[in-house]
Amino acid sequence: MTDQRIRTAVVDGFDNAPPLDTGAPIELQFAVDLGAICADAWLDLKGDVRLHDYAAHQAAAFARGMEAAMQDAGDVDAHRVTISRQAFAAGLMGRVQQHLFAALGIVTREPRTTH
Numbered sequence: 628m629t630d631q632r633i634r635t636a637v638v639d640g641f642d643n644a645p646p647l648d649t650g651a652p653i654e655l656q657f658a659v660d661l662g663a664i665c666a667d668a669w670l671d672l673k674g675d676v677r678l679h680d681y682a683a684h685q686a687a688a689f690a691r692g693m694e695a696a697m698q699d700a701g702d703v704d705a706h707r708v709t710i711s712r713q714a715f716a717a718g719l720m721g722r723v724q725q726h727l728f729a730a731l732g733i734v735t736r737e738p739r740t741t742h
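To convert, note that position 92 of the sequence shown is 719 in the numbering used here; the numbers rise steadily by one, no gaps.
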């Protein structure tokens, strides 16, 4: 029997935090990874910037950069920008969720959310 699971983009795990399935298509792994990197940068700020403000600003900056690159290539796809922005946000919030659960001592291996 062949494995017919749908592959989705994942936020990599770390100590006490298993990998987190974002539900985003695997081809958007790059956006999820960038979102997770931004979340790590926010955590380094240690509360100097509100999470909501940071997430909104970073997601908008990501979308602007992606749209500019598409314009340079002469191939703007508004839907692709939108789903990529959502995947970026899923990576950012997914990493924050991992840290929150790890800090609370909640380690889940729920197959719907972890890999």
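Ideal Cβ placement from N, Cα and C applies to all residues, glycine included. Just so you know, these numbers come straight off a predicted model, no measurement behind them.
Could you say which of the options lies nearest to residue i if we only look at CA atoms?
| i | options | result |
| --- | --- | --- |
| isoleucine 710 | Ile733, Phe657, Leu672 | Phe657 |
| alanine 745 | Leu672, Leu670, Asp702, Ala714 | This structure leaves residue 745 out entirely; the chain is present only between 628 and 742. |
| valine 638 | Asp660, Leu655, Glu654, Gln685 | Asp660 |
| alanine 663 | Asp680, Glu654, Ala636 | Ala636 |
| glycine 692 | Val708, Cys665, Phe641 | Val708 |
DSSP on residue i, reduced to helix/strand/coil?
| i | result |
| --- | --- |
| valine 749 | Outside the displayed span of the chain (628 to 742) sits residue 749, for which this structure offers no information. |
| aspartate 660 | helix |
| threonine 635 | strand |
| aspartate 704 | coil |
| glycine 732 | coil |
| glycine 721 | helix |
| glycine 650 | strand |
Contact check, residue i vs residue j under 8 Å by CB: the rounded distance?
| i | j | result |
| --- | --- | --- |
| arginine 712 | phenylalanine 689 | 6 Å |
| alanine 682 | alanine 716 | 7 Å |
| glutamine 725 | alanine 644 | 4 Å |
| arginine 632 | isoleucine 653 | Actually they are not in contact, since the Cβ atoms of arginine 632 and isoleucine 653 sit about 11 Å apart, beyond 8 Å. |
If we count Cβ pairs, one from each stretch, closer than 8 Å, do we get three or more for the segment 716-725 versus the segment 633-650? yes
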